[in-house]
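K.L.:
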Amino acid sequence: MDWGMKNRISRIIKPEIGRTVMLAVDHGYFLGPTTGLEEPRKIIAELLPHADSLMLTRGMLRTSVDPMNSVPIVLRVSGGNSIIGDDLSNETITVSVKDAVRLNVSAVALSIYVGGKYEHQTLKNLATLVSECEEYGIPVLAVTAVGKEMTRDAKYLSLACRIAAELGAHIVKTYYCEDFEKVVKSCPVPVVIAGGKKIPEKDALELAYNAIKDGAVGVDMGRNIFQSHDPVGMIKAVRSIVHENVSAKKAFETLKI
Ligand code: 5RP
Numbered sequence: 003m004d005w006g007m008k009n010r011i012s013r014i015i016k017p018e019i020g021r022t023v024m025l026a027v028d029h030g031y032f033l034g035p036t037t038g039l040e041e042p043r044k045i046i047a048e049l050l051p052h053a054d055s056l057m058l059t060r061g062m063l064r065t066s067v068d069p070m071n072s073v074p075i076v077l078r079v080s081g082g083n084s085i086i087g088d089d090l091s092n093e094t095i096t097v098s099v100k101d102a103v104r105l106n107v108s109a110v111a112l113s114i115y116v117g118g119k120y121e122h123q124t125l126k127n128l129a130t131l132v133s134e135c136e137e138y139g140i141p142v143l144a145v146t147a148v149g150k151e152m153t154r155d156a157k158y159l160s161l162a163c164r165i166a167a168e169l170g171a172h173i174v175k176t177y178y179c180e181d182f183e184k185v186v187k188s189c190p191v192p193v194v195i196a197g198g199k200k201i202p203e204k205d206a207l208e209l210a211y212n213a214i215k216d217g218a219v220g221v222d223m224g225r226n227i228f229q230s231h232d233p234v235g236m237i238k239a240v241r242s243i244v245h246e247n248v249s250a251k252k253a254f255e256t257l258k259i
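The following block contains the structure:
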C-alpha cells in the first residue's frame with residue numbers, strides 16, 4: 003500500500019486507537035429530503051466537530067460544508083436510483099475519481115448489492131472504482147447495501163463483506179447482526195457498521211457497543227444520530243463508546259432526552 007493510501011486511511015481510522023466515528027449524511031442520494039437532513043448545512047455544522055469523518059454526496063459537500071473544514075470527507079460516488087424507482091440495486095458510478103481528487107476527499111464510498119437484481123453491475127462498479135482509485139491512492143469504502151427482500155444475517159453479510167474485500171475495497175461498511183464476530187473475522191479489511199433505521203437511543207448505543215466488542219473498527223452512523231432528540235449528545239455518546247470503550251449504559255446516561 004502506498005504512502006498516500008495509508009495516509010488517507012489513517013485520517014479516517016485513527017491510528018492511535020484503530021477506531022473511527024464516521025458521520026453518514028448521504029441518505030438524500032436515493033431518499034431525497036430525509037428526516038433530520040432537511041437543512042443539511044445546519045445539522046452538519048453542529049455534528050461535524052464530533053465526527054472523525056463525514057460521508058456525503060458531491061452536491062451536499064459543495065453546498066453544505068465549509069471548504070475550510072478539516073474533517074476528512076468520504077464521498078459517496080454511487081447512485082442513480084430512488085426509493086420509488088425500479089430497483090435500488092440499479093446503481094452506477096456517479097462521480098469521477100478526478101472530481102473526487104479535486105474535492106480533496108480522503109476516501110470514496112460505493113454500494114454493492116450482493117444478491118440484488120443488479121448485483122453484477124454493482125460489483126463491477128466496485129472493481130472499476132478500486133482500479134481507478136489505486137492510481138491516486140484513494141481508499142474505497144464498500145457499502146454492503148441490503149435490499150428489502152434480503153436478510154441481514156451473518157451468512158449473508160459475511161458473503162457481501164468478503165466479496166467487497168476480495169474486489170479490493172479498503173474498508174467495508176455493513177450491518178450489525180447475530181454472530182457479527184464471524185463477519186469481521188472473515189473480512190480481511192476493517193469493518194464499520196451502519197446504524198440503520200432510527201431506533202431508541204439506548205438500543206442504538208448498545209448496537210454500537212456490541213459492534214465494537216465484536217471487532218468493528220467503528221461506526222458509519224446516520225439516522226440514529228441526526229434523527230435523535232439530542233443529535234449532538236448522541237454523536238458524543240457514540241464517540242465515547244468507540245474511542246473510550248464506555249459502556250452503552252453510561253453513554254446513554256449522558257443524553258439529554
Ligand atoms: C445508505 C448509506 C448510509 O450512509 C447508511 O445507511 C448509514 O446510515 P444509517 O446509520 O442511517 O443507516 O450508506 O446506503
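In short: position in the sequence shown from 1, add 2, done, that's the working numbering.
Cβ atoms here follow ideal geometry from the backbone N, Cα and C, with glycine treated the same way.
Does the ligand 5RP have a heavy atom nearer than 7 angstroms to the CB of Val145?
P.N.:
Taking the first residue of the sequence shown as 1, we reach residue 145 at position 143. Under cutoff, so the answer is yes.
K.L.:
Who pairs with Ile46 in a beta bridge, going by DSSP?
P.N.:
Taking the first residue of the sequence shown as 1, we reach residue 46 at position 44. For Ile46, which the question treats as bridged, DSSP gives no partner whatsoever.
K.L.:
Once you ignore the five residues that flank Ala206 on each side, which residues in its own chain have a CB closer than 7 angstroms to its CB?
P.N.:
Within the sequence shown, numbered from 1, the residue matching residue 206 stands at position 204. Correct list, in chain order: Gly197, Asn226.
K.L.:
Could you tell me if the beta carbon of Ala53 falls within a distance shorter than 7 angstroms of some heavy atom in the ligand 5RP?
P.N.:
Mapped onto the sequence shown, residue 53 falls at position 51. Ala53 Cβ: outside cutoff for every heavy atom of the ligand 5RP.
K.L.:
Using the C-alpha atoms, what's the distance from Asn212 back to Phe182?
P.N.:
Within the sequence shown, numbered from 1, the residue matching residue 182 stands at position 180. Within the sequence shown, numbered from 1, the residue matching residue 212 stands at position 210. Phe182 and Asn212: Cα-Cα distance of roughly 9 angstroms.
K.L.:
Taking only runs of the alpha helix (DSSP H) that begin and end inside the region 50–96, which ones reach a length of at least 4 residues, in chain order?
P.N.:
For the region 50–96, whole alpha helix (DSSP H) runs of length 4 or above, ordered along the chain, are 60–66.
K.L.:
May I ask you to list the residues that DSSP assigns as paired with Ser113?
P.N.:
Within the sequence shown, residue 113 is the residue found at index 111, counting from 1. Partner(s): Val145.
K.L.:
Taking 8 angstroms as the threshold (C-beta atoms), are Pro69 and Arg13 in contact?
P.N.:
Indexing the sequence shown from 1 puts residue 13 at position 11. Indexing the sequence shown from 1 puts residue 69 at position 67. Result no, Cβ atoms of Arg13 and Pro69 do not sit closer than 8 angstroms.
K.L.:
For Ala111, which residues in the same chain have their Cβ closer than 8 angstroms to its Cβ, ignoring the five residues on either side in sequence?
P.N.:
Indexing the sequence shown from 1 puts residue 111 at position 109. Excluding sequence neighbours, Ala111 sits near Asp28, Met57, Val76, Leu77, Arg78, Val79, Ser80, Val142, Leu143, Ala144, Val145, Lys175.
K.L.:
How many angstroms separate the CA atom of Asn247 from the CA atom of Met7?
P.N.:
Taking the sequence shown and counting its residues from 1, one reaches residue 247 at position 245. Taking the sequence shown and counting its residues from 1, one reaches residue 7 at position 5. Approximately 28 angstroms, taken between the alpha carbons.
K.L.:
Mapping DSSP to helix, strand and coil, what is Ala26?
P.N.:
By 1-based counting over the sequence shown, the position of residue 26 is 24. Strand at Ala26.
K.L.:
Using the rule of at least 16 other Cβ atoms within 10 Å of the residue's Cβ for burial, across every protein chain shown, is Ser98 buried or exposed?
P.N.:
By one-based count along the sequence shown, residue 98 stands at place 96. So Ser98 counts as exposed.
K.L.:
Is Val191 closer than 8 angstroms to Ala171 when the C-beta atoms are compared?
P.N.:
Locating residue 171 in the sequence shown gives position 169, counting from the first residue. Locating residue 191 in the sequence shown gives position 189, counting from the first residue. In this structure, Val191 lies closer than 8 angstroms to Ala171 by Cβ.
K.L.:
Can you give me the start and stop residues for the alpha helix (DSSP H) that Met236 sits inside?
P.N.:
Taking the first residue of the sequence shown as 1, we reach residue 236 at position 234. It spans 233–246 - the alpha helix (DSSP H) in which Met236 sits, taken as one unbroken run.
K.L.:
Looking at the structure shown, is Ile14 part of a helix, part of a strand, or coil, going by DSSP?
P.N.:
Here the question's residue 14 lines up with position 12 in the sequence shown. Of the three classes helix, strand and coil, the one that applies to Ile14 here is helix, per DSSP.
K.L.:
Can you give the Cα-Cα distance for Trp5 and Thr36, rounded to whole angstroms?
P.N.:
Here residue 5 corresponds to residue number 3 of the sequence shown, with the count starting at 1. Here residue 36 corresponds to residue number 34 of the sequence shown, with the count starting at 1. Near 37 angstroms, if we compare the C-alpha coordinates of Thr36 and Trp5.
K.L.:
Between which residues of its own chain and Asp201 is the CB-CB distance below 7 angstroms, once the five residues before and five after are set aside?
P.N.:
Residue mapping note: residue 201 aligns to position 199 of the sequence shown, counting from 1. The residue you asked about is not Asp; residue 201 is Ile in the sequence shown. Contacts found: Asn226.
K.L.:
Is DSSP giving Asp205 helix, strand or coil here?
P.N.:
Residue numbering aside, residue 205 sits at position 203 when the sequence shown is read from its first letter. DSSP places Asp205 in helix when its eight states are reduced to three.
K.L.:
Would you say His29 touches the ligand 5RP, meaning its beta carbon is less than 7 angstroms from a heavy atom?
P.N.:
Here residue 29 refers to the residue found at position 27 of the sequence shown. Answer for His29: yes, Cβ within range of the ligand 5RP.
K.L.:
Less than 7 angstroms between the CB of Ser267 and some heavy atom of the ligand 5RP, yes or no?
P.N.:
Because the chain spans 3 through 259 in this model, residue 267 falls outside it and cannot be assessed.
K.L.:
Measure how close the beta-carbons of Ser160 and Val132 come, nearest whole angstrom, since I'm counting them as under 8 angstroms.
P.N.:
In the sequence shown, counting from the first residue as 1, residue 160 sits at position 158. In the sequence shown, counting from the first residue as 1, residue 132 sits at position 130. Contact flag wrong, Cβ pair sits at about 20 angstroms.
K.L.:
What's the C-alpha gap between Ala250 and Gly217?
P.N.:
Locating residue 250 in the sequence shown gives position 248, where the first residue counts as 1. Locating residue 217 in the sequence shown gives position 215, where the first residue counts as 1. Taking the straight line joining both Cα atoms gives about 16 angstroms.
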